[in-house]
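Beneath this line is the structure, given in structure tokens, with notes to follow.
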Amino acid sequence: MDAARADALLAEYGLTGDFLGLGGDPASHRVVAAMSGGVDSSVAAAAARRAGYDVVGVTLQLYDHGEAIARAGACCAGQDIQDARRVAEAMGFDHYVLDYETRFREAVMEDFADTYLAGATPIPCVRCNQSVKFADLLATARQLGADALVTGHYIRREAGEAGPELRRAADAGKDQSYFLFATTAEQLDFLRFPLGHLTKDQTRALAEAFGLIVAAKPDSQDICFVPDGDYARVVERLRPGAARPGEIVHLDGRVLGRHDGVIHYTVGQRRGLGIAAGEPLYVIALDADAARVIVGPREALTVRRIALKDVNWLGDAALSDADGTRVGVKVRSTRPPAPGVLEVGADGAVHVLLEAGEEGVAPGQACVFYSPDGHTRVLGGGWIAGTDRG
Numbered sequence: 019m020d021a022a023r024a025d026a027l028l029a030e031y032g033l034t035g036d037f038l039g040l041g042g043d044p045a046s047h048r049v050v051a052a053m054s055g056g057v058d059s060s061v062a063a064a065a066a067r068r069a070g071y072d073v074v075g076v077t078l079q080l081y082d083h084g085e086a087i088a089r090a091g092a093c094c095a096g097q098d099i100q101d102a103r104r105v106a107e108a109m110g111f112d113h114y115v116l117d118y119e120t121r122f123r124e125a126v127m128e129d130f131a132d133t134y135l136a137g138a139t140p141i142p143c144v145r146c147n148q149s150v151k152f153a154d155l156l157a158t159a160r161q162l163g164a165d166a167l168v169t170g171h172y173i174r175r176e177a178g179e180a181g182p183e184l185r186r187a188a189d190a191g192k193d194q195s196y197f198l199f200a201t202t203a204e205q206l207d208f209l210r211f212p213l214g215h216l217t218k219d220q221t222r223a224l225a226e227a228f229g230l231i232v233a234a235k236p237d238s239q240d241i242c243f244v245p246d247g248d249y250a251r252v253v254e255r256l257r258p259g260a261a262r263p264g265e266i267v268h269l270d271g272r273v274l275g276r277h278d279g280v281i282h283y284t285v286g287q288r289r290g291l292g293i294a295a296g297e298p299l300y301v302i303a304l305d306a307d308a309a310r311v312i313v314g315p316r317e318a319l320t321v322r323r324i325a326l327k328d329v330n331w332l333g334d335a336a337l338s339d340a341d342g343t344r345v346g347v348k349v350r351s352t353r354p355p356a357p358g359v360l361e362v363g364a365d366g367a368v369h370v371l372l373e374a375g376e377e378g379v380a381p382g383q384a385c386v387f388y389s390p391d392g393h394t395r396v397l398g399g400g401w402i403a404g405t406d407r408g
């Protein structure tokens, strides 16, 4: 470790003293650091240790590594566990590996397969944060006597008048707020995100100064249990024989071809449809019950109203009082927030009305709300249950 450089960078980045905001001497506070074996979580843990906190590193073994196709860029593999362990050893804190395979399979992988078979498009990383990392691991951290759970996510937690607020990361290119919309107010009280105000380059600079083995490690790009990107093969392995062949049908009713299962398609897809047509066609909808892939022209992809389920609300007022609230809306992680309005019915049903409409909005994906002024604060979000072009 280049201690002088590390300490200078920590001071420059505001990661000294009680930077987690737990009160008093950092040495009096135990924190659990969730460590995936990547550079971000490693730096978050190392910074906390260098500041004097009593750090306990925890890495979750989420799936049977023998079943996965190990390759560079896939998270949670066996090498990642070893990397996390070596970072903990280098920084001088305890590290544990917890077997969460059964829980992960039930809460994330099974849901992934069932969602695809239902004709929707899942986001397993959100489910993992929602049901494993910020629920089960958070409970484990409390059992270990921790005062906080520290992660390497690029998102900010800031004090607000009504309590902690969730805000987008300073580095827009690394912001992970879309994947953390389901974080509850209670969880937010216990969570800390030390990297939310940093850029990736600053994080890597810290990793180099700390002398961490992961300093130059590439970012994970894939779903950890689908490292080769073949979603359909994973679904078929989890649900053998469940995929049904059926028809590819144009919006106007014409049958254009056959398919081997809706799990091979997603809303907005253009390439690989397996049909010949005189016009560019896109997947407009998936009817799993009828085993139909419905295609049409690009303009048919535009959606203006979205029905949501399982909404998590982080606004100051009650969700029931949010009807008519103007918000920024993200329906894809890679898209900027777009202007929209919340509609909250007397029965509690929540819809989002998009002012300009959005293409390729798929059931099963997330719809995340942001404050209208600058789109910096995360107000919550929900799962897309249905869409309306009108």
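Numbering (our numbering), first residue to last: 19 to 408. No residue lacks a Cβ here, since even glycine has one placed at the ideal position from N, Cα and C. Being a predicted model, the structure only gives us computed values, none of them experimental.
Buried or exposed for A92, please, with buried defined as at least 16 other CB atoms from any protein chain shown within 10 angstroms of its CB. Reliability fails at A92, whose pLDDT of 45 lies under 50, so the model's placement of it is uncertain and the value that follows must be treated cautiously. Around the beta-carbon of A92, 16 or more other beta-carbon atoms lie within 10 Å, marking it buried.
Quick check on this structure: which residue in W401, F130, L326 has the alpha carbon closest to the alpha carbon of R255? Closest in alpha carbon position to R255, among W401, F130, L326, is F130.
Rounding to the nearest angstrom, what Cα-Cα distance links L27 and R175 in this structure? Here the C-alpha atom of L27 lies approximately 21 Å from the C-alpha atom of R175.
Which class does F37 belong to by DSSP, given the choice of helix, strand or coil? In the three-state reduction of the DSSP assignment, F37 falls in the coil class.
Hey, out of G286, S149, A309, whose CA is closest to R262's CA? Ranking G286, S149, A309 by Cα distance to R262 puts A309 first.
Span of the beta strand (DSSP E), counted from its first residue to its last, around T405: For T405, the enclosing beta strand (DSSP E) covers residues 396-406.
Excluding sequence positions up to five away, which residues of its chain have a Cβ less than 8 Å from the Cβ of E318? Rather than Glu, the amino acid found at residue 318 in this sequence is Ala. Apart from sequence neighbours up to five positions away, the residues of its chain that approach A318 with a beta-carbon distance below 8 Å are L269, Y300, I302, R407, ordered along the chain.
Hey, is the segment 130-141 in contact with the segment 225-237, meaning 3+ C-beta pairs nearer than 8 Å? Under the Cβ criterion (8 Å, minimum of three pairs), the segment 130-141 does not count as touching the segment 225-237.
Cα separation between T394 and T77? Spanning the two alpha carbons is a distance of roughly 30 Å.
By Cβ distance, which residues of its chain are closer than 6 Å to R185, with the 5 residues on each side in sequence left out? Within the same chain, Cβ atoms closer than 6 Å to the Cβ of R185 are found at R174, E176, T394, R395, the five residues on either side in sequence being excluded.
Tell me where the alpha helix (DSSP H) around V105 begins and ends. Residues 96-109.
Provide the residue span of the alpha helix (DSSP H) that contains E119, from first to last. For E119, the uninterrupted alpha helix (DSSP H) segment begins and ends at 119-122.
Reference T139; option with closest CA among V57, G163, S54, Y249: For the residues V57, G163, S54, Y249, the minimum Cα distance to T139 belongs to Y249.
W158 - DSSP class collapsed to helix/strand/coil: Correcting the residue identity first, residue 158 is Thr in this sequence and not Trp. Reduced to three states, the DSSP call for T158 is helix.
Return the first residue and the last residue of the alpha helix (DSSP H) that A227 is part of. Element bounds for A227: 218-228.
Please report the straight-line C-alpha distance between I87 and D98, rounded to a whole angstrom. In this prediction, I87 has a pLDDT of 36, which is less than 50 and means its spatial position is unreliable; nothing more can be read from the coordinates.
When burial is assigned at 16 or more other CB atoms within 10 Å of the CB, is E204 buried or exposed? Exposed is the call here.
Straight-line Cα distance separating A325 from L209: One C-alpha to the other measures close to 30 Å.
Quick check: the Cα distance between S149 and G342, rounded to an integer number of angstroms? Straight-line Cα distance between these residues: approximately 30 Å.
Nonlocal neighbours in the same chain, by C-beta distance under 6 Å from R23, ignoring five residues either side: Within its own chain, the residues whose Cβ lies closer than 6 Å to the Cβ of R23, once the five positions on either side in sequence are excluded, are A227, listed in chain order.
DSSP-derived helix/strand/coil call for P142: In this structure, P142 counts as helix in the three-state DSSP scheme.
In whole angstroms, what is the alpha-carbon distance linking G70 and H215? Taken atom to atom, the span from the alpha-carbon of G70 to that of H215 is near 20 Å.
Taking C-beta to C-beta, are D112 and G75 nearer than 9 Å? Yes, the Cβ-Cβ distance between D112 and G75 is below 9 Å.
Based on DSSP bridge pairs, tell me the residues matched to A384. W401, per the DSSP bridge assignment.
For E119 versus Q161, is the C-beta spacing smaller than 9 Å? For the 9 Å CB-CB criterion, E119 and Q161 do not form a contact.
Quick test of your reading: R322 and L372, contact by CB under 8 Å. State the CB separation rounded to the nearest angstrom. With 8 Å as the limit, R322 and L372 qualify as a contact, their Cβ atoms being about 5 Å apart.
So V49 packs on A166, CB below 8 Å; how close in whole Å? So it is a contact: roughly 5 Å between Cβ atoms.
For G32, collect the residues of the same chain with a Cβ closer than 8 Å to its Cβ; drop the 5 residues on either side in sequence, then sort them by chain order. The beta carbon of G32 lies closer than 8 Å to those of H215 in the same chain, with the five residues before and after it left out.
Mind pulling the beta strand (DSSP E) runs of 3 or more residues that sit fully within the segment 340-371? DSSP runs (the beta strand (DSSP E)) wholly in the segment 340-371: 344-348, 356-362.
When the Cα atoms are used, what is the spatial distance from G137 to A125? Computed Cα separation, rounded: 19 Å.
Could you pull out every residue in the same chain whose Cβ sits closer than 6 Å to the Cβ of I241, ignoring the five residues on either side in sequence? These residues qualify, in order along the chain: P142.
Can you check DSSP and say which residues form a bridge with R316? None, per the DSSP bridge assignment.
Let me know the secondary structure DSSP gives T133 once reduced to three states. Reduced to three states, the DSSP call for T133 is helix.
In whole angstroms, what separates the C-alpha of L397 from that of A260? Approximately 38 Å, taken between the alpha carbons.
Residues of its chain near G170, where Cβ-Cβ distance is below 6 Å and the 5 sequence neighbours each way are ignored: Once the five neighbours on either side are set aside, the close Cβ partners of G170 are D58, S59, A62, L213.
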